[in-house]
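Comments concern the structure below.
Residue numbers (full-length UniProt numbering): 1 to 240.
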């Protein structure tokens, strides 16, 4: 509880923006176009000044500069953060990283984990669904962690929740790029489109990719990926 109190909205706000800059660097500003594929809370490290660093690049893939999407027969990652098209079809891209970022963003704002989320309502079995229901009922303030609810700027936080929902839309083509997300977060005058329903990948067992079966919420696949020219393990990447 003590650690959660230290993370007031100002700190969480800066962490979200720092993660955004890090992923933006991987996708757009780095000499190599890097898809992380395993963005989650435990892979975001905070230094003494609470600056976030993206860690664990063991599942990362390098894309050609003109490459937009790739497919794999083996799904690796952490259930709860993986985009629906990745779980069901093995398809990944910068937009699958965007989905993971959206989940992470909603976790930071709410103080709740997506995959271990539990409510009395049996129709809500994960955080993404919970936030979407509150969006539909125009009750977004209920998403905010009670620890920061009284002291945060509600308009700013609800805008961030809105952006998070844009990131987790089911259709990857509808999700914004990290460049657009950065602009949305830093420029309040940019109008936000209404989000479409998110990818509820908990609702169906992924059938088209057998390797995804058997994964439990928040369980990282232990299957390794055969090394090839388009794969890399990167120990540390810092934004410029």
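Just so you know, even glycine gets a beta-carbon here, dropped at the ideal spot from N, CA and C.
Within-9 Å CB hit, residue i to chain C
i: residue 80; result: Going by chain labels, chain C is absent from the structure shown, which holds only one protein chain.
Buried versus exposed call for residue i [16 or more other C-beta atoms within 10 Å across all chains shown]
i: residue 68; result: exposed
i: residue 31; result: exposed
i: residue 173; result: exposed
i: residue 105; result: buried
i: residue 190; result: exposed
i: residue 208; result: With a pLDDT of only 44 at residue 208, under the threshold of 50, the placement of this residue in the model should not be trusted, and no figure is reported.
i: residue 169; result: buried
i: residue 88; result: buried
i: residue 94; result: buried
i: residue 184; result: buried
i: residue 199; result: buried
i: residue 213; result: Below a pLDDT of 50, predicted positions are generally treated as unreliable, and residue 213, at 42, falls in that range; the measurement from the model is reported next regardless. Under this definition residue 213 is an exposed residue.
Own chain, CB closer than 6 Å to residue i, minus 5 neighbours either side, in chain order
i: residue 81; result: 40, 100, 103
i: residue 55; result: 43, 45
i: residue 145; result: 110, 111
i: residue 220; result: Confidence is the limiting factor: at residue 220 the pLDDT is only 47, short of 50, which leaves the residue's position unreliable, though a coordinate-based value still follows. Closer than 6 Å at the Cβ level, and outside the excluded window around residue 220, lie 78.
i: residue 83; result: 96, 99
i: residue 182; result: 20, 24
i: residue 53; result: 45
Beta bridge counterpart(s) of residue i as assigned by DSSP
i: residue 93; result: 69
i: residue 23; result: Beta-bridge pairing links residue 23 to no other residue.
i: residue 35; result: 61
i: residue 53; result: 45
i: residue 176; result: Beta-bridge pairing links residue 176 to no other residue.
i: residue 169; result: 198
Contact set for residue i: own chain, Cβ-Cβ below 8 Å, skip 5 residues either direction
i: residue 188; result: 156, 159
i: residue 319; result: Limits of the chain in this structure are 1 at one end and 240 at the other, which puts residue 319 out of reach.
7 Å Cβ shell around residue i - same chain, five flanking residues per side excluded
i: residue 91; result: 69, 71, 85
i: residue 51; result: 18
Beta-carbon proximity of residue i to residue j, cut-off 9 Å
i: residue 132; j: residue 165; result: yes
i: residue 247; j: residue 8; result: With the chain running from 1 to 240 in the structure shown, residue 247 is simply not present.
i: residue 148; j: residue 12; result: yes
i: residue 193; j: residue 135; result: no
Pairs of beta-carbons, one from the stretch 135-145 and one from the stretch 153-166, closer than 8 Å: are there three or more? yes
Contact the stretch 162-179 vs the stretch 18-32: 3+ CB pairs below 8 Å: yes
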